[in-house]
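Protein chains in written order, with the working numbering: chain A, 283 to 440; chain B, 406 to 660.
Glycine included, every Cβ here is placed at the ideal spot set by N, Cα and C.
The next block holds one structure in the form of structure tokens; read it before the comments.
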Amino acid sequence: MTRRPITLTVNGRAETVLAEPRTHLADLLRGELLLTGTHIGCEHGVCGACTVEVDGAPARSCILHAGACEGSGIRTIEGFDADPVMAALREAFSAEHALQCGYCTPGMLVTARDIVLRLPEADEARVREELAGNLCRCTGYRGIVHAILRVLAERRAT
Amino acid sequence: MKPAAFDYARPADWPAALALLAGGARPMAGGQSLGPMLNLRLAQPERVADLRHLPGYAGVEVQGEAIRIGAGTTHAAIEDGAVPGRLGAILAGVARRIAYRPVRNRGTIGGSLAHADPAADWVAVLPAFPGHAVALGPYGERRIPLARFVTGVFETALAPGELLRAIELPVLPETARWSHWKFCRKPGEFSKATACLLALPDAPPRLVLAALDTAPLVIEDATGLDPAALVTSISDPWRRRLALTALRRVLEGAA
């Protein structure tokens, strides 16, 4: 199938890239736009490493194909530099040793930010339930859960 | 893990979607089941028709005593309360436990039901309700009782050329009793056994046993049901025990 122009907004910038309809969004971001912060793990929607924001809500970029992205607004991990919630999460991930190899981290952070904003009253059990779609093979999740709980507590205190 | 080449079409209206379907296109709702199947090359359609942008595909409308849920309504919208009243509370509880939030943000009630994976949540739950699936074909709409919509593993009562347009469910009284249990070793994974029971005032309790290797089992009147008798046809002992547990839990839960 021939490549066709796909127009989408990525991290606030309008982009037009040539892609086959079958190219998935994670490959499009990494290969065409050189946004390699989005990591590819399982490539069938299970591991969560490739989670990005699509039209304001987290989604798996590996099972979303280029054609379907036409006209969408995408925000990758590179697009959160100036975001205060993400800044607090980065601090907390560091303080709580919530990453080792870093492979799952971009997806974890996008999911974590969604938990913090959508579920401000979440307790540890809920955070663990909500994190079930993001696999980490290093940390045992303890640090990640604690980092998210730390940011939730900070925000409830202010 | 890359799909085979396919063409992509985004119909702007329903006649265009039906025409694409008639031409052999594979319909795609949220793509949260078809997407992985494309990557795994379990599905190799020549063309995908993306239904997401069709007018009125998503959304919930109260029509007198019925609630019409557009087939393209996402699990996340239902989780967040898009459906009002007692029915909405029941459906929100089911939606919250479908896969993971990033999947729920795109996956849809109609896509999941039409895909008819035997382990899927809406496949297991919707037959418990006295409602209809609304199919749209070249002739217009027709209604299929939800208890008879899924006919087998990945098989439905939709005829070739038909799309699932909406789900119609009754407004439920606050006194409606509901019980639902599914077994997953990890939150969000495919269920290994699901059962649910809906008891409306002045009506026999309806029970569904699902996540089987067949269509869901719908019991229109679960009064005096012997759970053990219902699971004898499940050959795998572990799955049989899980199904039995699911039945016992929902019967206890609704008591």
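Taking the C-alpha atoms as reference points, what is the distance between residue i and residue j?
i	j	result
Ala620 of chain B	Ser343 of chain A	31 Å
Ala608 of chain B	Val530 of chain B	18 Å
Gln382 of chain A	Gly313 of chain A	25 Å
Ala414 of chain A	Cys332 of chain A	14 Å
Ala524 of chain B	Arg419 of chain A	27 Å
Gly486 of chain B	Val655 of chain B	24 Å
Pro441 of chain B	Arg548 of chain B	30 Å
Tyr653 of chain B	Asn416 of chain A	The residue asked about is misnamed: residue 653 of chain B is Arg in this sequence, not Tyr. Near 32 Å, if we compare the C-alpha coordinates of Asn416 of chain A and Arg653 of chain B.
Leu496 of chain B	Leu574 of chain B	11 Å
Glu625 of chain B	Arg446 of chain B	39 Å
Pro402 of chain A	Leu635 of chain B	43 Å
Ala422 of chain B	Arg491 of chain B	34 Å
Gly477 of chain B	Leu649 of chain B	33 Å
Arg415 of chain B	Ala424 of chain B	12 Å
Gly389 of chain A	Ala627 of chain B	44 Å
Ile474 of chain B	Thr284 of chain A	37 Å
Gly461 of chain B	Ile514 of chain B	14 Å
Cys351 of chain A	Arg590 of chain B	33 Å
Asp472 of chain B	Thr318 of chain A	According to the sequence as given, residue 472 of chain B is Ile; it is not Asp. Straight-line Cα distance between these residues: approximately 45 Å.
Pro287 of chain A	Leu315 of chain A	14 Å
Gln437 of chain B	Gly516 of chain B	9 Å
Can you tell me whether residue i is helix, strand or coil according to DSSP?
i	result
Ile345 of chain A	coil
Thr289 of chain A	strand
Ile474 of chain B	strand
Ser584 of chain B	strand
Thr637 of chain B	coil
Pro729 of chain B	Past the edges of chain B, shown from 406 to 660, lies residue 729 of chain B, and the structure says nothing about it.
Ile322 of chain A	coil
Gly512 of chain B	coil
Cys351 of chain A	helix
Ile397 of chain A	helix
Leu492 of chain B	helix
Thr333 of chain A	strand
Val328 of chain A	coil
Asp526 of chain B	helix
Pro441 of chain B	helix
Ala339 of chain A	strand
Val387 of chain B	Outside the displayed span of chain B (406 to 660) sits residue 387 of chain B, for which this structure offers no information.
Gly658 of chain B	helix
Pro432 of chain B	strand
Could you list which residues in chain A have their beta carbon closer than 9 Å to that of residue i, in chain order?
i	result
Val508 of chain B	Gly327, Ala341, Arg342, Ile345 and Gly415
Leu445 of chain B	Glu325 and His326
In or out: residue i buried (at least 16 other Cβ within 10 Å) or exposed?
i	result
Val558 of chain B	exposed
Val662 of chain B	This structure gives no information on residue 662 of chain B, because the portion of chain B shown stretches from 406 to 660.
Met368 of chain A	buried
Lys587 of chain B	buried
Met406 of chain B	exposed
His306 of chain A	buried
Trp527 of chain B	buried
Asp618 of chain B	exposed
His537 of chain B	buried
Arg646 of chain B	exposed
Tyr544 of chain B	exposed
Asp309 of chain A	buried
Ser640 of chain B	exposed
Give me the chain A residues within the contact set of residue i, using Cβ-Cβ distance strictly less than 7 Å, ordered along the chain.
i	result
Leu592 of chain B	For clarity, residue 592 of chain B is Pro in the given sequence; the question names Leu instead. Result: Glu411 and Ala414.
Gln437 of chain B	Gly327 and Ile345
Arg582 of chain B	Correct list: empty, because the minimum Cβ distance to chain A is about 25 Å.
Arg511 of chain B	Ala341
Pro441 of chain B	His326, Gly327 and Ile345
What in chain B is Cβ-close to residue i, meaning under 9 Å?
i	result
Gly349 of chain A	Phe411, Asp412, Tyr413, Ala414, Arg415, Val453 and Asp455
Thr393 of chain A	Tyr505, Arg506 and Pro507
Against residue i, what residues of chain A qualify as contacts under a CB-to-CB distance less than 8 Å, listed in chain order?
i	result
Pro408 of chain B	Arg304, His306 and His347
Leu652 of chain B	Within chain A, no residue comes near Leu652 of chain B; the closest Cβ sits about 25 Å away, beyond 8 Å.
If I measure Cβ to Cβ from residue i and keep anything under 7 Å in the same chain, skipping five residues before and after, which residues do I get?
i	result
Ala519 of chain B	Thr561, Leu563 and Leu569
Glu451 of chain B	Phe411, Asp412 and Gly429
Met433 of chain B	Leu439, Val453, Ala454, Asp455 and Leu456
Arg509 of chain B	Thr479, His480, Ala481, Glu484, Ala500 and Ile503
Arg506 of chain B	Ala481
Asn293 of chain A	Arg357, Thr358, Glu360 and Gly361
What residues from chain B crowd round residue i, counting only those whose CB sits closer than 7 Å?
i	result
Asp396 of chain A	Arg506
Thr333 of chain A	Pro507
Could you pull out every residue in the same chain whose Cβ sits closer than 8 Å to the Cβ of residue i, ignoring the five residues on either side in sequence?
i	result
Arg395 of chain A	Phe362, Asp365, Val367, Met368 and Leu371
Glu546 of chain B	Val539, Ala540 and Arg570
Ala659 of chain B	Arg582, Trp583, Ser584, Leu602, Ala604 and Pro610
Leu279 of chain A	Outside the displayed range of chain A (283 to 440) lies residue 279 of chain A, so it cannot be described from this structure.
CB-CB under 6 Å to residue i, same chain, minus the five flanking residues each way: which ones, in chain order?
i	result
His585 of chain B	Cys601
Glu412 of chain A	Ile397
Ala463 of chain B	Gly475, Gly477 and Thr478
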